[in-house]
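Taking it in order: structure first as C-alpha cells, then the write-up.
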Amino acid sequence: MADYDVVIAGGGHNALACACLLIQKGLKVCVVERNESVGGGTATREVTLPGFKHDMFGSSHLWIHLNPDFKKLRPELEKHGLKYIWSEGAIQGHPISDGGDGIIIYKDIDKTCDSIAAYAAADARKYREICQEFEEIRAGVVKSMFAPPSPPSYLYQALEKSRKGLKRLRDYQLSAKRFIFENFQNPHVRACLLNWALAPQILPDQLGTAAGIYVMIPSIHNFGQAIPEGGSQMLSNTMQKYLLAKGGSVMTGATVSRFIVSDGTCLGVRLQDGREITASHGVVSALDPVQTFLKGFEDGVLPSDFIDMVKNYSFSNVTMQRVHYALHEPPKFKHGAAMDETPFQRICGSVDDIERHYSEIVRGIAPSNPALWAACWTKADKTRAPAGKHTLAMDTFVPIDLASGESWEDIAETFVREKLLGLLRKHTTNMSDDNILGHYVQTGPSMARDNLCLYRGSTNGGERTLAQMGVFRPFPNYANYRGPVKRFYMTGPSTHPGAGISAMGTIAANEIMFDLGLKRDDDDDLDL
Ligand SMILES: Cc1cc2nc3c(=O)[nH]c(=O)nc-3n(C[C@H](O)[C@H](O)[C@H](O)COP(=O)(O)OP(=O)(O)OC[C@H]3O[C@@H](n4cnc5c(N)ncnc54)[C@H](O)[C@@H]3O)c2cc1C
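Be aware that the sequence shown starts at 7, since it is given in the numbering used here, and climbs by one per residue.
Structure below.
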C-alpha cells in the first residue's frame with residue numbers, strides 16, 4: 007500500500023496551495039521540502055540584524071488575489087494567522103529626477119490619473135481608458151490565468167470578429183515599448199510605464215508583451231496589492247499549519263532526487279538519502295524542469311523528443327542583484343510626502359537609460375545605470391522590525407553570466423553600494439551610512455543555493471517569450487499540468503501562468519481532482 011494519495015516535491019507556496027485543495031477533498035497528502043522550512047520564494051528571514059524580517063524573494067502579493075480558489079482558502083489560513091495588509095492609498099511610486107513630485111500609482115484610479123496628469127493630461131486619459139476597458143476582459147483574464155491555457159486560436163476567434171477586437175489583437179502583438187510609445191506621449195510617463203511593464207523580466211522590444219500592459223495596469227486598481235503581516239513567509243507558514251491541522255504531512259530537510267516510475271506510471275519520489283515516499287493517486291513536481299526532467303528520472307524513462315524539449319527550455323540570462331538593509335528610518339524622498347508614504351518605488355531614468363540597462367544585460371555587462379526597485383515594507387507593517395526601525399529591500403535585473411568573466415559573488419558588494427544605493431541617494435535625503443544599521447547582499451548564485459528551483463539564479467521560472475507562454479508553457483502538448491508519465495503532474499513558475507505569488511498550484515490540484523473524478527468543472531466540486 008502506498009504511503010499517501012498524493013506526494014508533492016518542493017515546499018513553495020504553490021506546492022502548499024496544491025496540497026491545501028487536495029486535502030480539502032479528503033486526500034492524504036505529503037509535501038516534501040529540501041530546506042528546513044517551507045516557503046521557497048516566499049521565505050522571510052532575519053538576515054541583517056535580529057528582529058528585522060526581510061522577504062528574501064517575493065514580497066508584493068498581487069496576483070494571488072485574482073485566484074478564485076485562493077479566495078476560498080484565505081479565510082481558513084486567516085484562522086492560522088494569515089493577515090494581509092492592503093495598500094489602500096499609494097501603492098507604488100515612480101520618482102523622477104528632473105522635476106515634479108514623480109508619478110504615484112494609487113489604489114484609486116482618479117488619484118493615479120491626477121498624478122499622471124501633472125505630467126500629461128492626455129496620458130492620464132489614456133491610462134483611465136485602459137482601466138475602464140478592463141471590465142470587458144476582467145472575467146476572461148481571471149479564468150485564463152487560473153485554468154489550463156486554451157489553444158491559441160481561441161483568442162483570435164474571440165477577438166477577430168469585431169473592429170475593436172481586431173485592433174486589440176493587433177496591439178497584443180506589440181512590444182511593451184512600442185505600445186507605450188503609441189499610446190503615451192510624455193517622456194516621464196513613458197519611462198515610468200515601460201519600467202513597470204518590464205517587471206516580469208521581459209525586454210523593452212520583445213514582441214507580444216503589450217498584452218500584459220492591458221492586465222498589469224488595471225489589475226493593481228481592481229484587485230489591490232497586499233503584504234502578509236510578518237512577511238511573505240506567513241503565507242506558506244499558515245498553509246503548512248492548515249495542512250497539518252487537516253492531517254496532512256510536510257517533510258522538511260528532505261531533498262527529492264528522483265521520481266519513481268514503473269510501467270510508465272509514477273509511483274512516488276526517492277529522497278537524496280535513499281528513502282522512498284510512495285503515492286497511489288498522483289505525484290506532483292513543484293520543482294523546475296531541469297531538476298524534474300533532466301535529473302529526476304532514470305535514463306531511458308522519458309522519450310528522447312521530450313528530453314529535447316526540456317533542453318530547449320530557456321531560463322534566459324537574467325537574474326537579480328539584491329540588497330537588504332536594516333534602517334533607523336525609512337528613506338525620505340525629495341518628491342514630497344506622498345512619495346514617502348508609498349511603500350515601494352520603481353526608480354529609473356529616461357527610456358534611453360532603460361534601453362541601455364537591458365542592452366547591457368543582453369551583452370553580459372553589469373548595468374552602468376540600472377533601474378531600481380526599492381521597498382520599505384515596514385512603512386505598512388511595523389511587525390517586521392524592532393520598534394521605530396525599518397527594513398529596505400532593493401534590487402535590479404542583471405545578467406547571470408558576465409562577459410568579463412567576473413562573478414557576481416565578487417562584484418556584488420561594490421555594485422550594490424555604487425549603483426543601487428548610489429541611485430537611491432540621488433532621490434533621497436537621509437540614506438547616508440548613519441541611517442544604515444546592517445545590510446545583506448543576495449546574488450544570483452546565492453539565491454540559487456537557497457532555492458534549487460532558481461536554476462542558475464534565474465528568478466522567473468523561465469523566459470516569458472511567446473514560445474514559452476500559455477499553451478507552450480512549459481512545453482507544447484504539456485501545458486495541462488500533466489507530465490510524460492501517468493499520474494505525474496507539474497506546477498510552479500515554469501507552468502502557466504508563470505512566476506509570481508499567485509498560488510497557481512491550485513490549478514494542478516483541480517486537474518488531479520478532475521482525473522480522480524472528484525470535480526467536474528470549476529463550479530462543481532464533488533465531495534468524497
Ligand atoms: C528575487 C525574487 C523576487 C520576487 N518578487 C516577487 C514579488 O514581489 N511578487 C511576486 O508575485 N512574485 C515575486 N517573485 C516570484 C515568486 O516569488 C515565485 O514565482 C514563486 O515564489 C514561486 O513559487 P513556487 O511555490 O512555485 O516555487 P518556489 O517558491 O521556488 O518553491 C520551490 C521550493 O522547492 C524546494 N526545492 C527545490 N529543490 C528541491 C528538491 N530537490 N527537493 C525538495 N524541495 C526542493 C525549494 O527549497 C523551494 O522551497 C520573485 C521571485 C524572486 C526569485
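Cβ atoms here follow ideal geometry from the backbone N, Cα and C, with glycine treated the same way.
Contact check for GLY302 and ALA285: beta-carbon distance about 15 angstroms, past the 8 angstroms limit, so the pair fails to qualify. The alpha-carbon separation between THR402 and VAL267 amounts to approximately 41 angstroms.
In the structure shown, the three-state DSSP call for ALA399 is strand. At least one heavy atom of ligand 1 is found less than 7 angstroms from the C-beta of PHE63. In terms of Cβ geometry, ILE70 and ALA505 do not form a close pair [threshold 8 angstroms]. Of the residues assessed, MET437 falls on the buried side of the cut-off, its CB having 16 or more other CB atoms within 10 angstroms. For the 8 angstroms CB-CB criterion, GLN327 and TRP202 do not form a contact. Judged by beta-carbon spacing, VAL262 lies beyond the 8 angstroms limit of GLN246, meaning their Cβ atoms are not closer than that value. The Cβ-Cβ distance between LEU200 and LYS173 does not fall below 8 angstroms. Excluding five sequence positions before and after ALA260, the CB atoms of its chain that fall closer than 6 angstroms to its own CB belong to VAL38, LEU277, given in chain order. Judged by the Cβ position, CYS459 qualifies as a neighbour of ligand 1 at the 7 angstroms threshold, a heavy atom of the ligand being closer than this.
By the neighbour-count criterion, in which a residue is buried when 16 or more other Cβ atoms sit within 10 angstroms of its Cβ, GLY87 is exposed.
Taking C-alpha positions only, PHE58 is separated from THR215 by approximately 37 angstroms.
Taking a C-beta distance under 8 angstroms as the contact criterion, VAL289 and PHE265 qualify as a contact pair.
Classified as exposed, LYS432 has fewer than 16 neighbouring CB atoms from the shown chains inside 10 Å of its CB. Between PRO349 and LYS395, the gap from beta carbon to beta carbon reaches 8 angstroms or more. Non-local C-beta neighbours of PRO503 in its own chain, meaning closer than 7 angstroms and more than five positions away in sequence, comprise MET151, MET510, ordered along the chain. The three-state secondary structure of CYS272, taken from DSSP, is strand. Under the three-state reduction of DSSP output, ALA124 falls in the coil class, being neither helix nor strand. Within the same chain, VAL316, TYR319, PRO480, SER500 come within 7 angstroms of PRO295 by CB-CB distance, once the 5 residues on both sides are set aside.
According to the DSSP assignment, GLN239 belongs to no beta strand (DSSP E) but to the alpha helix (DSSP H) extending over 239–251. Distances from the CB of MET326 to the heavy atoms of ligand 1 include at least one below 7 angstroms. For THR420, no beta strand (DSSP E) encloses it; the enclosing alpha helix (DSSP H) starts and ends at 414–421. Between the C-alpha atoms of LEU72 and SER410 there is a straight-line separation of about 42 angstroms. In terms of CA proximity to LEU22, GLN239 leads the group GLN239, ASP456, HIS60. Contact annotation: LEU213 and LEU472 have beta-carbon atoms nearer than 8 angstroms. Per the coordinates, the alpha-carbon of PHE312 lies some 31 angstroms from the alpha-carbon of LEU408. Inclusion of GLN297 in the 7 angstroms shell around ligand 1 follows from its C-beta lying nearer than that to a non-hydrogen atom of the ligand.
Sorting ARG80, ILE507, ARG455, VAL447 by C-alpha distance to the C-alpha of GLU52 places VAL447 at the top.
The nearest non-hydrogen atom of ligand 1 is less than 7 angstroms from the C-beta of TRP69. Remark: C-beta atoms of VAL324 and SER464 approach each other more closely than 8 angstroms. In its chain, beyond the 5 residues on either side, ARG196, LEU199, LEU200 have a beta carbon closer than 6 angstroms to the beta carbon of ILE186. DSSP, reduced to helix, strand and coil, places THR348 outside both helices and strands of the structure shown, so it counts as coil. DSSP places GLU84 inside the alpha helix (DSSP H), whose first and last residues are 74–85. In its chain, beyond the 5 residues on either side, ILE97, GLN98, THR118, ILE226 have a beta carbon closer than 7 angstroms to the beta carbon of ILE111.
Contact annotation, LEU443 with MET400: C-beta distance approximately 15 angstroms; criterion of less than 8 angstroms not satisfied.
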